[in-house]
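Sequence order for the protein chains is A and B.
Just so it is clear: in the first sequence, position 145 is 145 by this note's numbering, and no numbers are missing.
If you want this note's numbering, it's the position in the second sequence, counting the first as 1, plus 264.
Glycine included, C-beta positions come from ideal geometry on N, C-alpha and C.
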Amino acid sequence: MNNRWKRFCDNELAMTILSMSVVVVFWELLVYFFKIPQWLLPSPKAIISEMYRSAAYLWEHSLVTLGEIILGFALAFGGGLLLGIIIAFSPVLEKTLYKLLVATQAIPKVAIAPILVVWLGLGQLSKIALVFLLCFFPIMVGTVSGLQSTNRELLELADVMGANWFQSFLKIRFPAALPYLFNGLRVSVSLAVIGAIISEFVNADRGLGYSLLIATSQLKGPLTFSVVTILALLGIGLFSIVAWLEKLVCPWAKSTETESHPDN
Amino acid sequence: MPALLSLEGVEKTYWLAPNQTIAALGKIDLEVQDREFIAIVGPSGCGKTTMLKLISGILKPSKGRITIQGIPFKNSHRQLLGMVFQQPALLPWRTVLNNVLLPCEIKGQDLRKARALAKELLGLVGLKKFINRNPRELSYGMQQRVSICRALISDPKILLMDEPFAALDAITRFELTRLLLEIWSMKKNTVLFVTHNIQEAVFLADRVVVMTSRPGRIASIIDVPLPRPRKEEHLYEQSFSNCAKTIHQLLGLNAL
Chain A
1 MNNRWKRFCD NELAMTILSM SVVVVFWELL VYFFKIPQWL LPSPKAIISE
51 MYRSAAYLWE HSLVTLGEII LGFALAFGGG LLLGIIIAFS PVLEKTLYKL
101 LVATQAIPKV AIAPILVVWL GLGQLSKIAL VFLLCFFPIM VGTVSGLQST
151 NRELLELADV MGANWFQSFL KIRFPAALPY LFNGLRVSVS LAVIGAIISE
201 FVNADRGLGY SLLIATSQLK GPLTFSVVTI LALLGIGLFS IVAWLEKLVC
251 PWAKSTETES HPDN
Chain B
265 MPALLSLEGV EKTYWLAPNQ TIAALGKIDL EVQDREFIAI VGPSGCGKTT
315 MLKLISGILK PSKGRITIQG IPFKNSHRQL LGMVFQQPAL LPWRTVLNNV
365 LLPCEIKGQD LRKARALAKE LLGLVGLKKF INRNPRELSY GMQQRVSICR
415 ALISDPKILL MDEPFAALDA ITRFELTRLL LEIWSMKKNT VLFVTHNIQE
465 AVFLADRVVV MTSRPGRIAS IIDVPLPRPR KEEHLYEQSF SNCAKTIHQL
515 LGLNAL
């Protein structure tokens, strides 16, 4: 019995589900006993039934926001990776462009959201642009620092083996940089959701950010919380995909601390 | 017939600042014959590693010239070289077998043939069961064995080893020393083995190059009078300790 209990405690998934269930039950009871009005704090049951009722509406707006997130993120990934590679191998660009880009990070990018609407119009382009701006920097920095911190001995080894620049990039530098790149991707994907919502707050006629604003202005508690729930799930889902990809692409990265040989 | 490898008046100076240089290696003359086992001993900072890097082409000499089979260094010489570092320097994203195959991939050799040779080499160093493992699952000593296989896969004429056993514990170290001798007796590569361990140098080498520091110079080259194959008993022979003692004195360690 004791042993089984211990094994249950060690199961991460089981513990997560358990602790979340406790919160949901506590929340449900809180709303029930204190008779909290729905517009202030709906019960989990009310949120779930609202999600069911407005499924079509929520689905439509989720797709809009998800589209903005994925497009912005994909562009940032391509651009950040490419520019990161160029900067990592160009001392001149590193001293000029890279320093400049780092300096621009002092600007709170959320503050640019209204400007982007002025520049790019009310459509989805301004939303994609903000997602791109938020995601671009961590990906680029990850790429640059990853490519620049290759183990010196590995590079000398490539040199002794007579590897040309392209071979040593492909077989040594780039794979070695992957864990750094994924660090950037994990930060970016969380920022992507924030970026899409913020710019929909600023000006939009569709998307989850838009529907969140409408729902709160009309004091539709269950709908508001439905949107927030979807956003949370979206964030967790996207993050999990990146984490899963990381495990798939560079399984060696995390195992440094946990699985190293006892002799080391 | 020219020597396999020869260093003539080789010097290496590093630039610290525009007007400040440091002489890492001052005027080295050395001739290495085919199938010789050379150990290079010296205090840290005597330019042992610099010398290996010059031979391997990682660094260019500031003065003098390095020739292999009478020909000054050129890129195709890299085909003749294999290198083992102090760290195993394995790629964690490749399996043990694929790490060993890396030089063949880079040189564009026939991988099918290479794979068979890699398996044979890994079997020779006792890692047959581990060929599909990740390097991180192996102990440090095992990783170093893999890196020796990686250096041997292209059957190099000259094997450069930069303190390969320095980070190992004494027992693993001796095991690998013996293993290296065993492999060498089969393959008969020329070996340049950098170490700061006098006993190790004498036990392994035909000749021991003794270096002094700042700037690095060759103090003397000592012939080791022990017969081959080397056995543990040799460690306790008079000629062994005499040889070690000479090196000891050359390094100026008795002055302390």
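Per the DSSP secondary-structure output, W279 of chain B pairs in a beta bridge with B:T285.
Nearest to V458 of chain B by alpha-carbon distance, out of B:A508, B:A303, B:F504 and B:R379, is B:A303. When C-beta atoms of the segment 224-233 of chain A are compared with those of the segment 289-298 of chain B, fewer than three pairs fall below 8 Å, so the two segments do not count as touching.
The segment 141-195 of chain A is shown to contain whole alpha helix (DSSP H) runs of 4 or more residues at 152-160 and 165-168, in chain order.
Short of 6 Å from the beta carbon of G195 of chain A, and not among the five residues preceding or following it, lie these beta carbons of its own chain, in chain order: L130, V131 and L134.
For I332 of chain B, DSSP records a beta bridge to B:L269 and B:I335. Taking a cut-off of 8 Å for Cβ pairs, the segment 177-195 of chain A and the segment 364-379 of chain B do not touch, as fewer than three such pairs fall below it. One thing to note: A430 of chain B has its Cβ no nearer than 7 Å to the Cβ of M347 of chain B. Interface criterion met: the Cβ of L154 of chain A is under 7 Å from a Cβ in chain B. Close to chain B, meaning a Cβ-Cβ distance shorter than 7 Å, are the following residues of the segment 157-169 of chain A: L157, D159, V160, M161, G162, A163 and Q167. Within the segment 352-370 of chain B, those residues whose Cβ lies closer than 8 Å to any Cβ of chain A are, in chain order, A353, L355, P356, W357, L366, P367, E369 and I370. Following the DSSP letters along the chain, one finds L58 of chain A inside the alpha helix (DSSP H) bounded by residues A55 to A88. Residue burial annotation: Q105 of chain A is exposed, with fewer than 16 other C-beta atoms found within 10 angstroms of its C-beta.
It is roughly 11 Å from the alpha-carbon of V25 of chain A to the alpha-carbon of L18 of chain A.
Contacts with chain B at 7 Å (Cβ-Cβ) do not include W244 of chain A. In this structure, DSSP gives V305 of chain B an extended state, which the three-state scheme calls strand. If only uninterrupted alpha helix (DSSP H) runs of at least 4 residues are considered, those enclosed by the segment 111-141 of chain A are 113-120.
Listed along chain A are G162, each with a C-beta nearer than 7 Å to that of N339 of chain B. With fewer than 16 neighbouring CB atoms inside 10 Å of its own CB, E501 of chain B falls in the exposed class.
L514 of chain B is outside the set of residues whose beta carbon lies under 7 Å from a beta carbon in chain A. Rounded to whole angstroms, the gap between the alpha carbons of L468 of chain B and W252 of chain A is 36 Å. For R379 of chain B, the closest alpha carbon among the candidates B:I417, B:T510, B:S505 and B:V466 is that of B:I417. Cα atoms of E427 of chain B and F8 of chain A: separation of roughly 49 Å, rounded to the nearest angstrom. In terms of beta-carbon proximity, I322 of chain B lines the interface with chain A, with at least one pair separated by less than 7 Å. Taking I197 of chain A as reference, the option from A:S190, A:G209 and A:V187 with the minimal CA-CA separation is A:G209. Under the Cβ distance rule, R471 of chain B does not count among the residues neighbouring chain A, no pair being separated by less than 7 Å. The beta carbon of Q333 of chain B sits closer than 7 Å to those of P266 and L268, all from its chain and outside the five residues before and after it, given in chain order. Ranked by Cα distance from Q343 of chain B, the options A:A158, A:N2 and A:L81 are led by A:A158. Taking all protein chains shown into account, E12 of chain A has fewer than 16 neighbouring C-beta atoms within 10 Å of its C-beta and is therefore exposed.
Taken in chain order, the members of the segment 304-331 of chain B whose beta-carbon sits within less than 8 Å of a beta-carbon on chain A are K317, S320, G321 and I322.
Counting C-beta pairs closer than 8 Å gives three or more between the segment 137-146 of chain A and the segment 85-99 of chain A, which meets the contact rule. Separation of the CB atoms of A76 of chain A and S188 of chain A is rounded to 6 Å, and the pair is thereby assigned contact status at 8 Å. In the structure shown, T359 of chain B falls within a coil segment according to DSSP collapsed to helix, strand and coil.
DSSP places F33 of chain A inside the alpha helix (DSSP H), whose first and last residues are E12 to F34. Using a CB distance cut-off of 7 Å, F349 of chain B counts as an interface residue toward chain A. L345 of chain B belongs to the set of residues whose beta carbon lies under 7 Å from a beta carbon in chain A.
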